[in-house]
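Asks:
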Amino acid sequence: MKHGFDNEKYLKIQSEHIKERIAKFGNKLYLEFGGKLFDDYHASRVLPGFQPDSKLTMLMQLADYAEIVIVISAVDIEKNKVRGDLGITYDMDVLRLREEFTKRGLMVSSVVITNFKGQEAAKLFRSKLEKLHIKTYYHYPIEGYPSNVALIDSDDGYGKNDYIETTRPLVVITAPGPGSGKMATCLSQLYHDHKRGIKAGYAKFETFPIWNLPLKHPVNLAYEAATADLNDVNMIDPFHLEAYGETTVNYNRDIEIFPVLNVIFEGIYGVNPYKSPTDMGVNMAGYCITDNDVCCEASKQEIIRRYYTALNRLAMNEADESEVYKLELLMRQAKILTEDRKVTTAAKNRALESGVPSAAIELQDGTIITSETSDLLGTSAALILNAIKHLAGIDHELHLIPASAI
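First residue of the sequence shown? That's 254 in this note's numbering, and the numbers climb one at a time after it.
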């Protein structure tokens, strides 16, 4: 596969940019880490050349500077919320994340249980963590959050949260999934540090949308496709446009919350160090695209793939029609059809010919292999065997697995 992204350059300039941001705030930075720290296969699909563990590798370059705080909501603990991609509960994922980070030489200093209202499940989880000698803190809900700024920025707001003891210049705040309270945890720490006379800053690390690509660039449209179930929307950052006269891209939630953040930052610092949501970010991925055409084509393929995934989820009652409609709109914006993904046409044609469910795969050299459901094999199993035969130069009529074995 042809690459369109320089991974080595990314590792270098991304870590350097984070160091610069640490220095800007007097050698203490709380970095909200959005998305997946490792196994980021979406990024590797839309930016060919991006390695799925690139962000983790980059962070490992900062291992001597960094410590990690994992955040989990007490509400998610109580509901036994499950990560859809891994099939494990959020509380179990906290333990998994800690183990994975530690294995790679990264320091996990503590866990924060947010939105704590005395939930028994959260208390039990804290007890479990403490038996494992993991420092654990509680953060509490604030009435009227995030709009009640006067209460938030007070001793009865952030002030009632436990203060997280940290020792390193870079504090990475991560979580098993969205809605865990990462940003609130960062801001709570800024409030407490300010009270203690400690100078500290906040920044946000999100790979997508890529702020210095056009709004309707296929890479950014593919991000909207990936979050179609959340109904996230990419937008021109109006604050950045007003402040600098430059057009940049951000997403709706960060733009909507920025006026509130502005007031909170002014309460903590006296003046907001950031003029826009884009300013808060540290993402350098856009500077590492080496072949725009390759990334555009890969992103278009990803949008179509997401569309078929949504159709499948709809058929299984795991999604609603609005998600499918959103993806159809994104396909129109990207000026693509389902036929632009070669394997879909090949699979449909095979199904029409055979009258049974069929599948297709495109190999690295562009060869399309197809299969169909039989009495012995499902279409996916048959497809794998057909691909193996082709790659190994084995006659298609030869049975790799005897029927008696199946």
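Glycine included, every Cβ here is placed at the ideal spot set by N, Cα and C.
Is the stretch 273-281 touching the stretch 257-265, taking contact as three or more C-beta pairs under 8 Å?
Replies: Cβ pair count under 8 Å is below three, so no.
Asks: What residue does the beta strand (DSSP E) around M488 start on, and which one ends it?
Replies: The sequence position of residue 488 within the sequence shown is 235, counting from 1. Per DSSP, M488 belongs to the beta strand (DSSP E) from 487-489.
Asks: N639 by DSSP, collapsed to three states: which one?
Replies: As a position in the sequence shown, residue 639 is number 386, starting the count at 1. Note: N639 maps to helix in three-state DSSP.
Asks: With DSSP run on the structure shown, which of helix, strand or coil describes V299?
Replies: The residue given as residue 299 occupies position 46 in the sequence shown. Here V299 sits in helix by DSSP.
Asks: Classify K469 as helix, strand or coil using the three-state DSSP reduction.
Replies: Along the sequence shown, one-based indexing puts residue 469 at 216. The answer is coil: DSSP assigns K469 none of H, G, I, E or B.
Asks: Thinking C-alpha only, which one of M436, P526, K452, L440 is nearest E459?
Replies: Position 206 of the sequence shown holds residue 459. Among M436, P526, K452, L440, the Cα nearest to that of E459 is on M436.
Asks: Could you spell out where the alpha helix (DSSP H) holding F461 opens and where it closes?
Replies: Against the sequence shown, residue 461 aligns to sequence position 208. No alpha helix (DSSP H) contains F461, which DSSP labels as neither H nor E.
Asks: Does DSSP classify E650 as helix, strand or coil?
Replies: As a working mapping, residue 650 is identified with position 397 in the sequence shown. Coil at E650, not helix or strand.
Asks: Can you list, in chain order, the residues of its chain with a C-beta nearer than 7 Å to that of A296? Leave out the 5 residues immediately preceding and following it.
Replies: For the purposes of this step, residue 296 is taken as residue 43 along the sequence shown, with counting starting at 1. The residues are F303, T460.
Asks: On the DSSP letters alone, give me the boundaries of the beta strand (DSSP E) that V424 sits inside.
Replies: Residue numbering aside, residue 424 sits at position 171 when the sequence shown is read from its first letter. Segment 423-427, the beta strand (DSSP E) holding V424.
Asks: Report the option in R566, G257, I321, R585 whose CA atom is closest to the CA atom of E285.
Replies: Position 32 of the sequence shown, counted from the first residue, corresponds to residue 285. Cα-wise, what sits closest to E285 is I321.
Asks: Taking A612 as part of the beta strand (DSSP E), name the residues at either end of that continuous run.
Replies: Working through the sequence shown from its first residue, we reach residue 612 at position 359. Start and end: 611-615.
Asks: Could you tell me the alpha carbon to alpha carbon distance between G432 and I395, rounded to whole angstroms?
Replies: Taking the sequence shown and counting its residues from 1, the one referred to as residue 432 is at position 179. Taking the sequence shown and counting its residues from 1, the one referred to as residue 395 is at position 142. Going from the Cα of G432 to the Cα of I395 covers about 15 Å.
Asks: Would you report the Cα separation of V424 and K281, rounded to the nearest angstrom?
Replies: In the sequence shown, counting from the first residue as 1, residue 424 sits at position 171. In the sequence shown, counting from the first residue as 1, residue 281 sits at position 28. Going by the C-alpha atoms only, they are around 8 Å apart.
Asks: Since I believe I517 is in contact with D406 (beta carbons under 8 Å), could you give me their beta-carbon distance rounded to a whole number of angstroms?
Replies: As a position in the sequence shown, residue 406 is number 153, starting the count at 1. As a position in the sequence shown, residue 517 is number 264, starting the count at 1. Contact flag correct, Cβ pair sits at about 6 Å.
Asks: In whole angstroms, what separates the C-alpha of K469 from that of Q586?
Replies: Working through the sequence shown from its first residue, we reach residue 469 at position 216. Working through the sequence shown from its first residue, we reach residue 586 at position 333. Roughly 7 Å between the two C-alpha positions.
Asks: Out of curiosity, what's the CA-to-CA distance linking D552 and D338?
Replies: Reading the sequence shown from its first residue, position 299 is the one you call residue 552. Reading the sequence shown from its first residue, position 85 is the one you call residue 338. The identity of residue 552 in the sequence shown is Ser, whereas the question assumes Asp. Near 20 Å, if we compare the C-alpha coordinates of D338 and S552.
Asks: Which stretch, first to last residue, makes up the beta strand (DSSP E) that contains T367?
Replies: By 1-based counting over the sequence shown, the position of residue 367 is 114. Per DSSP, T367 belongs to the beta strand (DSSP E) from 361-367.
Asks: Assuming V731 contacts V324 under a Cβ cut-off of 8 Å, what Cβ separation, rounded to an integer in Å, is found between them?
Replies: Not covered by the structure: residue 731. The range shown for the chain is 254 to 659.
Asks: Given that a residue counts as buried once 16 or more other Cβ atoms are within 10 Å of its Cβ, and exposed if not, what is M254?
Replies: As a working mapping, residue 254 is identified with position 1 in the sequence shown. M254 should be labelled exposed.
Asks: Can you confirm whether the stretch 582-599 touches the stretch 608-625 when touching is taken to mean that 3 or more C-beta pairs between the two stretches lie within less than 8 Å?
Replies: Yes: the two stretches touch, three or more of their Cβ pairs being nearer than 8 Å.
Asks: For R559 and M569, I'd like the C-alpha separation in whole angstroms.
Replies: For the purposes of this step, residue 559 is identified with residue 306 of the sequence shown, where counting begins at 1. For the purposes of this step, residue 569 is identified with residue 316 of the sequence shown, where counting begins at 1. Cα to Cα, R559 sits roughly 15 Å from M569.
Asks: Enumerate in chain order the residues of its own chain whose CB-to-CB distance from Y504 is below 7 Å, with the five nearest sequence positions on each side excluded.
Replies: For the purposes of this step, residue 504 is taken as the residue at position 251 of the sequence shown. Once the five neighbours on either side are set aside, the close Cβ partners of Y504 are P462, D485, V486, N487, M488.
Asks: By Cβ distance below 6 Å, which residues in the same chain neighbour Y476 in space, the five residues on each side in sequence not counted?
Replies: Counting from 1 along the sequence shown, the entry for residue 476 is found at position 223. Hits under 6 Å: F461, P462.
Asks: Return the CA-CA distance between T623 and G646, expressed in angstroms with no decimal places.
Replies: The count along the sequence shown starts at 1 and reaches residue 623 at position 370. The count along the sequence shown starts at 1 and reaches residue 646 at position 393. Cα to Cα, T623 sits roughly 16 Å from G646.
Asks: Distance, Cα to Cα, D618 vs L583?
Replies: On the sequence shown, residue 618 is found 365 positions in, with the first residue counted as 1. On the sequence shown, residue 583 is found 330 positions in, with the first residue counted as 1. When rounded, the distance between both Cα atoms is 29 Å.
Asks: Please classify S307: is it buried, with 16 or more other beta-carbons within 10 angstroms of its beta-carbon, or exposed?
Replies: The residue labelled residue 307 in the question sits at position 54 within the sequence shown. Looking at its Cβ environment, which holds 16 or more other Cβ atoms inside 10 Å, S307 is buried.
Asks: In or out: T367 buried (at least 16 other Cβ within 10 Å) or exposed?
Replies: In the sequence shown, residue 367 corresponds to position 114, counting from 1. Its Cβ being crowded by 16 or more others within 10 Å, T367 is buried.
Asks: My output table needs one value for V524: the three-state DSSP class, helix, strand or coil.
Replies: Sequence index remark: in the sequence shown, residue 524 carries index 271 (1-based). Coil, per DSSP.
Asks: Whose C-alpha, out of L385, G523, K413, G288, is nearest the C-alpha of K452?
Replies: As a first step, residue 452 must be located in the sequence shown, where it is residue number 199. Nearest of L385, G523, K413, G288 to K452, Cα basis: G523.
Asks: May I have the straight-line CA-CA distance separating E571 from I621, to the nearest angstrom?
Replies: Here residue 571 corresponds to residue number 318 of the sequence shown, with the count starting at 1. Here residue 621 corresponds to residue number 368 of the sequence shown, with the count starting at 1. Straight-line Cα distance between these residues: approximately 30 Å.
Asks: Mark K579 as exposed unless 16 or more other C-beta atoms lie within 10 angstroms of its C-beta, in which case mark it buried.
Replies: For this step, residue 579 is matched to residue 326 along the sequence shown. So K579 counts as buried.
Asks: Measuring alpha carbon to alpha carbon, tell me which residue in R379, Y411, P399, H649 is nearest H392.
Replies: In the sequence shown, the residue the question calls residue 392 occupies position 139. Out of R379, Y411, P399, H649, Y411 has the C-alpha closest to the C-alpha of H392.
Asks: As an exercise, report each continuous alpha helix (DSSP H) stretch of at least 4 residues that is fully enclosed by the stretch 543-585, in chain order.
Replies: Runs of the alpha helix (DSSP H) inside the stretch 543-585: 545-568.
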